[in-house]
Amino acid sequence: MAVYVEAMSTGVVLMLVSVTAVLTMITGVQSQVGPPGHQIPVNMSDPHLHASVDVVVDVINRDRGYSEDIPRQICQTIENGTVQVVDGEMFRLRLVIADSVCTNTEANENKTSAECAVLSPGKRKRCQTIVIYNSWEAPGIDVLSYDCVDIQPTPPGAEMPINMSDPGVAKSVHAVVILVNDRRGYADIITRVSSGGIVGGTVQITDGNIYRLQFTIGDSVCNNSIDNWNASSTDCPLLDPDMKQRKCNATVTYKHWEFPMCKVIGYTCEPPPPGDQRPIGKNDTDAKLSAEAAISIINYDRGYSNHTFRRILYGMEGGTVQIPGGETFRLIFTIADSDCKNTEENYNATSAECPIPPARLPVQRCESEVLDRNWLPNRWFIQNQRCDDIPPPPLPPKPKYVRPINRSDPGVNASVNAAVNKINEVRGYADIITRQSLGEVVSGTVEDMVDEGHIYRLLFTIGSSYCNNSIYNANATSKDCPLIRTDHGLHTCNTSVIYIHKETTTTVAIISYYCEVPPGDERPINTSDPVVAEAADEAVNVINWDRGYSDNIRRLVLYQVEAGTMQVVSGEMYKLIFTLSNSLCKNTEDKANATSTECPIEAGIQGRPVQRCESQILYKHWLSQKSDVMEHSCVMLPPPTAPPGGEKEINRSDPGVAESVDAAVEVINQERGYADIIIRQSLRELLGGTVQVVDGEIYRLDFTVGNSECNNSIVNINTSNADCPVIPGMKQRLCNATVVYKHWKMPRSTVLSHMCEGPSPGDQVIINRTDPGVSFAIDDAISTINKDRGYSNNTSRWSLYKLEGGTEQIVDGSVYRLAFTLSNSVCSNTVEHSNATSSECPVKSGKAGLPIQRCESKVLYRRWLGNVTDVMEHECETLPLPPPGPRGGDIPYNKNDPHVITATNAVVDVINEDRGYSDQVPRKSLVGILNGTYQIVDGELFHLKFIVGISLCNNSKENANKTTKDCPLKPDSRLRPTECAALVNYKPWKSNTKALNWTCDKSMNVRKLSDLHVQSAFKLSGDFAANEINKHNGYSCCTYKYVVKDVVSPTSTHNASFTTVMVRMHVCVRVYLLYNTVLYIDI
């Protein structure tokens, strides 16, 4: 390796002149996970990253020269960077290095910031560097280059430019926008302004940050109602980004440790453009006169009478004025009853003529839109207004009364028993845990609540009882489970409890509790403690050993630690209650100590807990074998039952399962591309899955695939894993797929979605068609093919017709294996066009542009050498001309034919147009094309079958002609995809598509319009039931309000009674009212 060093004014550049390249297959697991060969952001916790940074710092210090007169520089911050998997890991980093307290001597070489602290004050530099890290060579880390510049120190308290990504900047601008909208007034008739963007600014770091910001604001799509008071510019985007925006300046103090964090010191904004809304002044006479004109209409609408008072302006809350042919005031104000009667004689009476008595409060809050044309005799025109009643202020609370408890009070007994039960619930219900019982109530107080009920604050003692803490003893009293010892071993607890007793119900709610635990006594565990997880994992290992190792059963792994206790003896004695689930691993001896991270839980219904276990483990942290499982017991949990239409576990002998998983594997191979130079993937193992019976069967399957002994040529389509077995010893990939299976149709299986985990480093992966490397590789391959044909003015240059598929393999660069078709282009095959791309030489139109060659090519691509490509091999075969077919006869079409795709997208647009353009209706997008036929008539007459689904776009006119790529499907839509059929005439020479007719099977939708009405009725019934419960309990500021959390399993049975089943912290209430509705209610 030859290295030259050249000094520069901005720093030092280390230039690598020659590096020995090593071509190897990467077999280790890379620390960075991302698309192979692509740059991705670094993981700041990656040990490879920090090892590379340490080497860069050593090189920089060595180049500065070792001396006791200069400080050693260390890495202070890794600002950002990327990593790219090439021949190892290539890090491109930006660092800040600083002088340390150590000298730059050989003795201090390799010392990091942990050993050499930053020197303050000291010099700092910002460095950019490129480093190669690999684990199979020595030394393993090569610094390709670095470049450093000095960082000028900022004086304390001086202003400096803001960092646009600083969260304090965005929060400060948002605080100013809220203040601007607050001044405009909160009302539905006023437009809300939003931030257009941050222009610039400075920050001064003193006691917090002082931001001086420049930004723009403009009218948004939202109104300025109280519901939108805190809406961001994302929630309320600008009405038109091209509309002129107003510039604003603001000074904001930001202290992230206080609430609120932002305090607006001051702001100024440009005046609104002519015709825009601007805030009214506080003493605007015209605004006040317009409000009084609106109040006259309000009094008129109420009706004149000697029995009602005339309402007068009480206060102006805010508003805006806009000048379009007069002054349009949008006002928010309050009105109150005056001393005058609301008669016709007082029609135009003002607040001076009809004053408001001092004791009266406002009764209504009004929003009004008034057009004021002061040059006309009747100058005011009321365009829109509404008023809402203001509720009267609450009555002052009754005085509280606190007194000592009476131990014979039934509320004391109920409250302390509820606290003891809660303490035992937290310890966990298990036979191996001792139940705690009440010793005595020492003292306490009781406080009367405002309306009804009491708050008990109690001091009491508890101790170990003769009972275990099984679920059967959940509500046992100290009489049922007496204390083992009453003379010692008790510990003190205190609690606060709300107690409400009515004629038929008693409610006890625990506010808080705390217990002192003496040394050596059992105490509740912290379920997030890593030692608890370690002890539970050891218990799981013993349970799996007792079951026996076998390839025929799944390994059980920890699902959840529910509760337990810990007691300090000779070590730590854990008594744990936990649940177990099936994992993806087999229960073999090589997996004897595997954790839930190494053997993840199965997905879906198979991953639910199958056993509930109790175990006693002695943990001694000072021993090599820390955990000793002293006893354990497990019980099987009942399998979850699936409701009609719900998911249930698959039957592996079901023929639909085998056909569906084969269809998913074939889709994976189809995406890789059919070619002799691409390896075919085969099914290794079906791990599990679920089935849901709807219109057919929806299979959600988990399986593994791997490289097979066959190539992925077109002759191996639909080849089974028996004919193309997986190569032994090759790493497998975990995949999942969702497949619809309809045994009465052909094909029976339709793959809706699939996903596979990333392959091993050095394995073939499906190409990313938008990757620039693919374009460079295929262009070079086509140029090589045309060169081998021989240049001539009499032949057409071949250009790309369609890229069918391909794979990418990361070795010393990217090796692309591509399958594609070629067609005659408009250019001649001459030297001048030797490097022309397919966009520069497009294919001919009409029949002359049909594909004539199908090619496979293997190309090596090295991006870091300047997008260098090397065509390693290629092969082409001539395609036969497509048969004309019987004119007017039905011919099965190819679902990947561009004409079929064009015709289908056109008819999807017609469907959306016929549904009606609207921002309130979601657009439908294409899910997939099904089998169909076409006829050759005047063009091509397609008999299409396809599936559409709900997309993320609305069905506005702006979204017309957008495909699924532009408007992707909504992942959580409650509407299932709909199957459609259409008759479409396509004339390719005119690029003309006409949909003759279409129809869609609406019965496939689970939720019909009538279902929505029924669901609304259930929701209304639930709300009514919750209100009845609240009314039954009584309204009070100190009682909890019940609200509907969910409505499950509704049925249409008519019954007019309701029953409360259970009351506790999470209450399950069954209400029979118009509909049989189950309500989950949170207190």
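For the sequence shown, numbering that gives the first Met the number 0 assigns the number 0 to the initial residue and increments by one for each residue that follows.
Virtual Cβ for every residue (Gly too), placed ideally from N, Cα, C.
- Taking C-beta atoms under 8 Å as the contact rule, Gly452 and Gly317 fail to qualify, at a distance of about 41 Å.
- As summarised for the stretch 356-395, the continuous beta strand (DSSP E) elements at least 3 residues long and confined to that stretch are 363-371 and 379-388, given in chain order.
- Cys492 is bridged by DSSP to Phe459 and Cys514.
- Annotated three-state conformation of Val660 is helix, per DSSP.
- Around the beta carbon of Ile96, a 10 Å sphere encloses 16 or more other beta carbons of the protein chains shown; the residue is thus reported as buried.
- With a cut-off of 8 Å on Cβ pairs, the stretch 367-381 is not in contact with the stretch 336-348, counting fewer than three such pairs.
- Two segments are said to touch when three or more pairs of C-beta atoms, one from each, lie closer than 8 Å; by this definition the stretch 565-580 touches the stretch 614-628.
- Under the DSSP assignment, Val825 falls outside any alpha helix (DSSP H), being part of the beta strand (DSSP E) whose first and last residues are Gly812 to Asn828.
- Ranked by how close their Cα comes to the Cα of Asp937, the residues Thr749, Asn984 and His898 have Asn984 in first place.
- Per DSSP, Val609 lies in no beta strand (DSSP E) segment and is marked neither H nor E.
- Excluding residues up to 5 positions away in sequence, Asn711, Ser712, Arg816, Ala818 and Glu855 lie with their Cβ nearer than 7 Å to the Cβ of Ala674 in the same chain.
- Taking the C-beta atoms as reference points, Ser748 is found no nearer than 9 Å to Ser707.
- Residue environment: Ile483 is assigned as exposed (fewer than 16 neighbouring CB atoms within 10 Å of its CB, all protein chains considered).
- When Cβ pairs closer than 8 Å are counted between the two stretches, the stretch 121-130 is seen to touch the stretch 49-65, the count reaching three or more.
- Straight-line spacing of the CA atoms in Pro259 and Leu212 works out to 19 Å.
- Between Gly948 and Leu929, the C-beta gap is not smaller than 9 Å, which leaves the two residues out of contact.
- Separation of Ala290 and Ile216 (C-alpha to C-alpha, rounded to the nearest whole angstrom) is 28 Å.
- In the DSSP assignment, Arg788 falls within the alpha helix (DSSP H) that extends over Pro771 to Arg788.
- Counting only residues of its own chain and dropping the five nearest sequence neighbours on each side, Ala418 has a CB closer than 8 Å to the CB of Leu457, Phe459, Cys492, Thr494, Val496, Ile509 and Tyr512.
- Straight-line spacing of the CA atoms in Asn792 and Ile777 works out to 23 Å.
- Under the DSSP definition of a beta bridge, Phe577 partners with Val560 and Cys612.
- Contact check between the stretch 297-313 and the stretch 259-270: fewer than three CB pairs, one atom from each, fall below 8 Å, which does not count as touching.
- Note on the stretch 237-273: whole beta strand (DSSP E) runs with a minimum of 3 residues are 245-253 and 261-268, in chain order.
- Per DSSP, Gly121 lies in no beta strand (DSSP E) and is assigned neither H nor E.
- With 16 or more neighbouring CB atoms inside 10 Å of its own CB, Asp218 falls in the buried class.
- Annotation: Trp997 to Ile781 spans about 41 Å, alpha carbon to alpha carbon.
- Within the stretch 187-219, no run of beta strand (DSSP E) at least 3 residues long lies entirely inside it.
- Ser795 is not a Cβ neighbour of Ser833, given a cutoff of 9 Å.
- By the Cβ-count criterion, Pro608 is buried, with 16 or more other Cβ atoms from all chains shown falling within 10 Å of its own Cβ.
- Contact between the stretch 323-341 and the stretch 175-192 is present: 3 or more CB-CB pairs across the two stretches fall below 8 Å.
- In this structure, Cys247 and Cys268 form a Cβ contact; the two beta carbons are roughly 4 Å apart against a cut-off of 8 Å.
- Excluding five sequence positions before and after Tyr303, the CB atoms of its chain that fall closer than 8 Å to its own CB belong to Asn341, Thr342 and Glu343, given in chain order.
- Secondary structure at Gly705: strand, using DSSP grouped into helix, strand and coil.
- Scanning Leu849, Ser407 and Ala113 for the CA closest to the CA of Gln72 turns up Ala113.
- Comparing C-alpha distances from Val175 to each of Phe214, Ser752 and Glu756 shows the shortest one belongs to Phe214.
- Between Phe702 and Arg683, the gap from beta carbon to beta carbon is short of 9 Å.
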